[in-house]
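To get the working numbering, take the position in the sequence shown, counting from 1, and add 48.
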Amino acid sequence: MIASLFNFFIKKIIRTEPPKQTRQPELMVFKYEGRNYAVVKSKAVGGSTNGVPDDTVQKLTMDKDGVRQMSSEWIENNLRIMVNDGEISKEAMQEIMAGLQDGATKRIYAQTDANGTTYHVIEDVMKEGKPDPKDACVSNVAWKPGDFDKPRSGPPEVEPPTLALRRKQLVPRIKHVNFRKALQERGLPEEHLPATTPLCGELLVSYAFDLPEQFVMVSPRQLKQAGIAVSEMPALALDNLARSMPEPQQSRLNGCIAINTGGDLEATLLLLDAFWEQMQASLGGEIVAVVPRRNRLLLCAGNDAQALEQLDRQARVFFAEEQDAHALSLQKMVRRNGRWQLFGAH
Numbered sequence: 049m050i051a052s053l054f055n056f057f058i059k060k061i062i063r064t065e066p067p068k069q070t071r072q073p074e075l076m077v078f079k080y081e082g083r084n085y086a087v088v089k090s091k092a093v094g095g096s097t098n099g100v101p102d103d104t105v106q107k108l109t110m111d112k113d114g115v116r117q118m119s120s121e122w123i124e125n126n127l128r129i130m131v132n133d134g135e136i137s138k139e140a141m142q143e144i145m146a147g148l149q150d151g152a153t154k155r156i157y158a159q160t161d162a163n164g165t166t167y168h169v170i171e172d173v174m175k176e177g178k179p180d181p182k183d184a185c186v187s188n189v190a191w192k193p194g195d196f197d198k199p200r201s202g203p204p205e206v207e208p209p210t211l212a213l214r215r216k217q218l219v220p221r222i223k224h225v226n227f228r229k230a231l232q233e234r235g236l237p238e239e240h241l242p243a244t245t246p247l248c249g250e251l252l253v254s255y256a257f258d259l260p261e262q263f264v265m266v267s268p269r270q271l272k273q274a275g276i277a278v279s280e281m282p283a284l285a286l287d288n289l290a291r292s293m294p295e296p297q298q299s300r301l302n303g304c305i306a307i308n309t310g311g312d313l314e315a316t317l318l319l320l321d322a323f324w325e326q327m328q329a330s331l332g333g334e335i336v337a338v339v340p341r342r343n344r345l346l347l348c349a350g351n352d353a354q355a356l357e358q359l360d361r362q363a364r365v366f367f368a369e370e371q372d373a374h375a376l377s378l379q380k381m382v383r384r385n386g387r388w389q390l391f392g393a394h
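Printed below as a string of C-alpha cells:
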C-alpha cells in the first residue's frame, strides 16, 4: 500500500548531489536505496543554512537527547496538507503517524560530504555519534526500508480526488471581512486569496472544500484546478450545502430563538432561502438575525422590541464565549425580498 503510494509521486535525487539549501520550509520523505536514503517527496517544513536550522525550524522542532527532531504534531499537520491536496489518502496519513509510534516511520538526518549525501536514521545517529549535528540538515521523515524492497509496476492504487468529487465537496462558509484583509496585509498574492462574495455589512461568503476533518478555503486557482468556474461557484456551493445541511433545531433562549444544526454550519443557514421562508411563515413579518459565531445563529421578529434587546444581549454572550478565530459579528440583519440588509439602515 505505502509502496504504491510512493510510486505515484516519487521524485528521486542523485545521492552525490548536495541537498538544496532553502529559506523555505521543506518536509522530506525518503526512499531507501541500498545503504542510503534518497528523497522521494518534499513538502514545506523548515530549512537550514549550512546545516544549521533556521529560527523557523527551531520553533517547529524539538530537541531530544541533543538531536533536533521534527515534532509528531508538526509532521501530522504537513501530512494533512498532502491529504487535502490529494497527494496521499487519509488512511496513508494515519498509517504514517502510527509508524512514529511503532518504528515504521523514521526521522532522518541528511549528511553531505566529499562522497555525496547520505541519510541516517536518527536512532543510529544517537547510538553511533554520527553525523555531527553541525554538519547535518534538519531531521526529516522516512519510511522503513522494508516498504520499498519490492519494486512495483502498473498504475498506482491511490489516485487524487476526481473532479466530480471536488465539485461535491465545495461549500460556502461565513467570514468577517477582516479574514480576507488579514491575508492581503500579509502579502498573499491575489491568486492565492480565498474566493469570496459579499453577504451583508461586515460579513462575506468564502468557499471551501469540505474534507473529512476540516474545511479548506478555496482560491480561484484551486477552483480552476478542480474544473469549477468562478461563475458557477456560488450556486454549486449552495446546492451542496442544502443537501448536507442537517435538520435545524430551534430553542427559545432569553426571548429570542437559537438555531442549532451541528457541524459548525449554523451561520451558513443565512444562505438557504427555504429555511427563511419557513421561519417567516412561522414568525410572520420581518426576521432579524445575528451570527455572533460560526456555530451560533440567533433570530427574532423585527417588530418585537423586547426580543431585539434580548437578541443583542445574547449575541454578546456568544461572541465572547471563546477566545478563538471563530467569532463573526454582532451586527443585526433583516431579511427583505430574499436578501439580508443591515437592520436599521435606510
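Think of the CB as a built atom: it goes at the ideal place given N, C-alpha and C, for glycine as much as any other residue.
{"query": "Please report the Cβ distance between Ser267 and Pro242, rounded to the nearest whole angstrom; I am assuming they are in contact, meaning their Cβ atoms lie under 8 angstroms.", "result": "6 angstroms"}
{"query": "Going by DSSP, name the residue or residues bridged to Val382.", "result": "Val336, Gln389"}
{"query": "Out of Asn385, Gly392, Cys348, Asn302, state which residue places its alpha-carbon closest to the alpha-carbon of Gln362.", "result": "Asn302"}
{"query": "Secondary structure at Thr308, three-state DSSP: helix, strand or coil?", "result": "Correcting the residue type first, residue 308 is Asn in the shown sequence and not Thr. Reduced to three states, the DSSP call for Asn308 is strand."}
{"query": "Using only CA atoms, which one of Asp258, Leu252, Leu271 lies nearest to Arg291?", "result": "Asp258"}
{"query": "How about Met281 and Thr316: do their beta carbons lie closer than 9 angstroms?", "result": "no"}
{"query": "Count the other CB atoms within 10 Å of the CB of Gln142; is the residue buried (16 or more) or exposed (fewer)?", "result": "exposed"}
{"query": "Is Phe391 closer than 9 angstroms to Val339 when the C-beta atoms are compared?", "result": "no"}
{"query": "Would you kindly work out how many angstroms separate the C-alpha atoms of Ala230 and Ala277, rounded to a whole number?", "result": "26 angstroms"}
{"query": "Could I get the ranges of all uninterrupted alpha helix (DSSP H) runs contained in the region 251-299, with 4 residues as the minimum, in chain order?", "result": "268-273, 281-292"}
{"query": "Leaving aside the five residues before and after Ala355 along the sequence, list all residues of the same chain whose C-beta is less than 7 angstroms from its C-beta, in chain order.", "result": "Gly303, Cys304, Cys348, Ala349"}
{"query": "Helix, strand or coil: how does DSSP classify Ala363 here?", "result": "helix"}
{"query": "How long is the line joining the alpha carbons of Val93 and Ile123, rounded to whole angstroms?", "result": "Unreliable positioning characterises Val93 in this predicted model, as indicated by a pLDDT of 39, which lies under 50. A coordinate reading is not provided."}
{"query": "Give every residue of the same chain whose Cβ lies closer than 7 angstroms to the Cβ of Asp321, excluding the five residues on either side of it in the sequence, and list them in chain order.", "result": "Gly386"}
{"query": "Excluding the 5 residues flanking Trp388 on each side, which residues of the same chain have their C-beta closer than 7 angstroms to its C-beta?", "result": "Leu247, Cys248, Leu318, Met381"}
{"query": "Mapping DSSP to helix, strand and coil, what is Leu301?", "result": "strand"}
{"query": "Might you give, ordered along the chain, the residues of its own chain that have their beta carbon closer than 6 angstroms to the beta carbon of Ser299, omitting 5 neighbours on each side?", "result": "Ala306"}
{"query": "Contact check, Ala43 vs Phe263 under 8 angstroms by CB: the rounded distance?", "result": "What the structure shows of the chain is the stretch from 49 to 394, and residue 43 is not part of that stretch, so it cannot be assessed."}
{"query": "Between the beta-carbon of Leu378 and the beta-carbon of Asn343, is there less than 9 angstroms?", "result": "no"}
{"query": "Have a look at the DSSP bridge pairing and note the partners of Ile222.", "result": "Val253"}
{"query": "Just checking my contact of Glu334 with Arg269 at CB under 8 angstroms: how many whole Å lie between their CB atoms?", "result": "No, Glu334 and Arg269 are not in contact; Cβ-Cβ is about 40 angstroms, not under 8 angstroms."}
{"query": "If you compare alpha carbons, which of Glu238, Glu239, Leu251, Glu233 is closest to Arg221?", "result": "Leu251"}
{"query": "Where does Lys223 land, buried or exposed, given buried means 16+ other C-beta within 10 angstroms?", "result": "buried"}
{"query": "Please report the straight-line C-alpha distance between His374 and Leu331, rounded to a whole angstrom.", "result": "29 angstroms"}
{"query": "Find out if the Cβ-Cβ distance for the pair Ser254, Arg228 is shorter than 9 angstroms.", "result": "yes"}
{"query": "Of all the options Ile144, Glu325, Val219, Glu370, which has the alpha carbon lying nearest to the alpha carbon of Leu284?", "result": "Val219"}
{"query": "Grab the span of the beta strand (DSSP E) containing Ala349 for me, first residue to last.", "result": "344-349"}
{"query": "So for Leu247, helix, strand or coil by DSSP?", "result": "strand"}
{"query": "Starting from the Cα of Glu370, find the closest Cα among Asn288, Asp352, Arg341 and give me that residue.", "result": "Arg341"}
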